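Under this note's numbering, the letters of the sequence shown match residues 204 to 540, in that order. Yeah, the Cβ is synthetic: ideal placement off N, Cα and C, and Gly gets one too. Keep in mind it's a predicted model, so treat the numbers as computed, not measured.
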Amino acid sequence: MNVRVLGSSGPRVSAIGLGCMGMSDLYGPADEAESIATIRAALDAGITLLDTGDYYGMGHNELLLRDALEGRRRDQVVISVKFGALRDPEGAWIGFDGRPAAVKTFVAYSLRRLGTDYIDIYRPGRLDPVVPIEDTVGAIADLVKAGHVRHVGLSEVGADTLRRAHAVHPISDLQIEYSLLSRGIEAEILPTCRELGVGVTAYGVLSRGLLSGHWSRDRALTKGDFRGFAPRFSGENLDRNLSLVEALRVIAEEKRLTVAQVAIGWVLSRGADVVPLVGARRRDRLTEALRALDEALTPADLARIERAVPPGAAAGERYPAPVLAHMDSERGAARAG
Ligand SMILES: NC(=O)c1ccc[n+]([C@@H]2O[C@H](COP(=O)([O-])OP(=O)(O)OC[C@H]3O[C@@H](n4cnc5c(N)ncnc54)[C@H](OP(=O)(O)O)[C@@H]3O)[C@@H](O)[C@H]2O)c1
Numbered sequence: 204m205n206v207r208v209l210g211s212s213g214p215r216v217s218a219i220g221l222g223c224m225g226m227s228d229l230y231g232p233a234d235e236a237e238s239i240a241t242i243r244a245a246l247d248a249g250i251t252l253l254d255t256g257d258y259y260g261m262g263h264n265e266l267l268l269r270d271a272l273e274g275r276r277r278d279q280v281v282i283s284v285k286f287g288a289l290r291d292p293e294g295a296w297i298g299f300d301g302r303p304a305a306v307k308t309f310v311a312y313s314l315r316r317l318g319t320d321y322i323d324i325y326r327p328g329r330l331d332p333v334v335p336i337e338d339t340v341g342a343i344a345d346l347v348k349a350g351h352v353r354h355v356g357l358s359e360v361g362a363d364t365l366r367r368a369h370a371v372h373p374i375s376d377l378q379i380e381y382s383l384l385s386r387g388i389e390a391e392i393l394p395t396c397r398e399l400g401v402g403v404t405a406y407g408v409l410s411r412g413l414l415s416g417h418w419s420r421d422r423a424l425t426k427g428d429f430r431g432f433a434p435r436f437s438g439e440n441l442d443r444n445l446s447l448v449e450a451l452r453v454i455a456e457e458k459r460l461t462v463a464q465v466a467i468g469w470v471l472s473r474g475a476d477v478v479p480l481v482g483a484r485r486r487d488r489l490t491e492a493l494r495a496l497d498e499a500l501t502p503a504d505l506a507r508i509e510r511a512v513p514p515g516a517a518a519g520e521r522y523p524a525p526v527l528a529h530m531d532s533e534r535g536a537a538r539a540g
């Protein structure tokens with residue numbers, strides 16, 4: 204497995220990471236045994252970066268990781284944990300807490316659920332609008348000093364917040380949506396990461412399944428599936444976006460690749476400082492995703508791909524408007540498209 208280094212201060216990780224969210228939340232029911240088998244298959248294939256959040260299934264995702272990692276060497280896996288989102292027993296999103304005392308409480312619970320005595324990368328899932336980022340990152344820096352956390356990451360923040368946070372403690376990586384359909388980070392956020400030596404862990408590389416080549420209009424969505432509220436998956440937007448997928452499919456088939464492999468390969472081509480997280484929930488999806496590492500796309504391929512799906516081609520925003528309005532990464536010039 205190829206490795207990449209997350210920023211100038213971060214850990215070495217596999218060139219593709221596994222995002223475990225969909226095994227517990229947001230993408231409809233997942234099979235627990237298959238989820239565990241998928242995580243283990245990822246480790247066996249050389250994936251070292253596993254991404255989770257304490258709020259994915261309200262602790263379920265961390266407990267799943269604990270089971271999957273049983274018997275594995277702790278030092279061979281890099282566990283990235285997001286914290287801070289507040290949810291009620293029905294799973295509704297009811298706020299965010301980035302206060303230092305909350306950070307220290309969240310980490311204590313995560314360590315217990317994960318069955319480990321340290322977290323490799325710890326990050327607030329979003330910016331708490333009423334807590335200065337210096338305070339939140341300062342609390343994580345205390346956890347680094349105490350040995351509970353190894354590296355500090357961020358998620359979905361804009362360039363100004365990134366600079367302020369990085370001044371308090373080096374940031375290993377910014378986790379943010381980046382794909383052929385979501386290129387907004389290229390204007391300001393990605394250059395700022397590069398200037399500061401901060402890596403990017405890209406999520407939504409398959410645009411939550413839309414860019415996988417396996418999505419169709421008839422796909423049934425269960426209650427609570429994010430895609431039931433996502434503008435890119437609704438009405439005419441979906442038709443327009445699926446026509447972009449068909450344009451990619453022509454290129455993929457000529458290369459004997461799948462649409463998902465082309466979409467992942469494109470993100471891999473953006474630079475050695477960008478690590479795609481793939482949201483595979485089953486071993487067959489994982490196998491498909493990992494094959495993207497086997498064949499680098501040529502400059503001619505990349506040019507064709509970008510003609511098929513030029514910047515700004517996506518129909519609809521990446522999150523519903525009320526959600527976007529609260530995302531730090533979407534402020535000012537830093538719109539993540
Ligand atoms: N920081 C943040 O705000 C944030 C937000 C979202 C996600 N994340 C992280 O990023 C990770 C990736 O999530 P994502 O939504 O960004 O993932 P994604 O890879 O863009 O989409 C995952 C979806 O695509 C489908 N899919 C189809 N073919 C696939 C293939 N070959 N490989 C992988 N998935 C395939 C998946 O499985 P099915 O077809 O089986 O449904 C799933 O529904 C999450 O697990 C989470 O750790 C972070």
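With 16 or more other Cβ atoms from the protein chains shown falling within 10 Å of its own Cβ, glycine 407 counts as buried. Between lysine 285 and glycine 328, the gap from beta carbon to beta carbon is short of 7 Å.
Bounds of any beta strand (DSSP E) do not take in tyrosine 381, whose DSSP letter is neither H nor E. Within the segment 356-443, the complete alpha helix (DSSP H) segments of 4 residues or longer fall at 362-371 and 392-399, listed in chain order.
Residue pairing by DSSP puts phenylalanine 299 in a beta bridge opposite Ala288. Between the segment 357-376 and the segment 484-503, the count of Cβ pairs shorter than 8 Å is below three; the stretches do not touch. Boundaries of the beta strand (DSSP E) harbouring aspartate 323: 322-327, taken from the DSSP string.
The beta carbon of leucine 221 lies closer than 6 Å to those of Ala245, Ile250 and Leu253 in the same chain, with the five residues before and after it left out. With fewer than 16 other Cβ atoms from the protein chains shown falling within 10 Å of its own Cβ, isoleucine 297 counts as exposed. Residues of the same chain with a CB within less than 6 Å of the CB of glutamine 464, apart from the 5 flanking positions on each side, are Arg494 and Ala495 in chain order.
Exposure of alanine 236 is indicated by the presence of fewer than 16 other C-beta atoms within 10 angstroms of its C-beta.
In this structure, the CA atom of isoleucine 343 is about 9 Å from the CA atom of histidine 354. Proximity of the segment 504-524 to the segment 376-388 meets the contact definition, three or more beta-carbon pairs being nearer than 8 Å. If you ignore the 5 residues before and after tyrosine 321, its C-beta comes within less than 7 Å of the C-beta of Gly350, His351, Val352 and Arg353, all in its own chain and listed in chain order. The segment 259-278 and the segment 297-307 do not touch, with fewer than 3 CB-CB distances between them shorter than 8 Å. Per DSSP, the continuous alpha helix (DSSP H) segment holding serine 238 begins and ends at 235-247.
Here glycine 402 has Arg207, Val208, Leu209, Gly210, Gly213, Ser375, Asp376, Leu377, Cys396, Asp476, Val477 and Val478 as same chain residues with Cβ atoms under 8 Å from its own Cβ, once five neighbours each way along the sequence are excluded.
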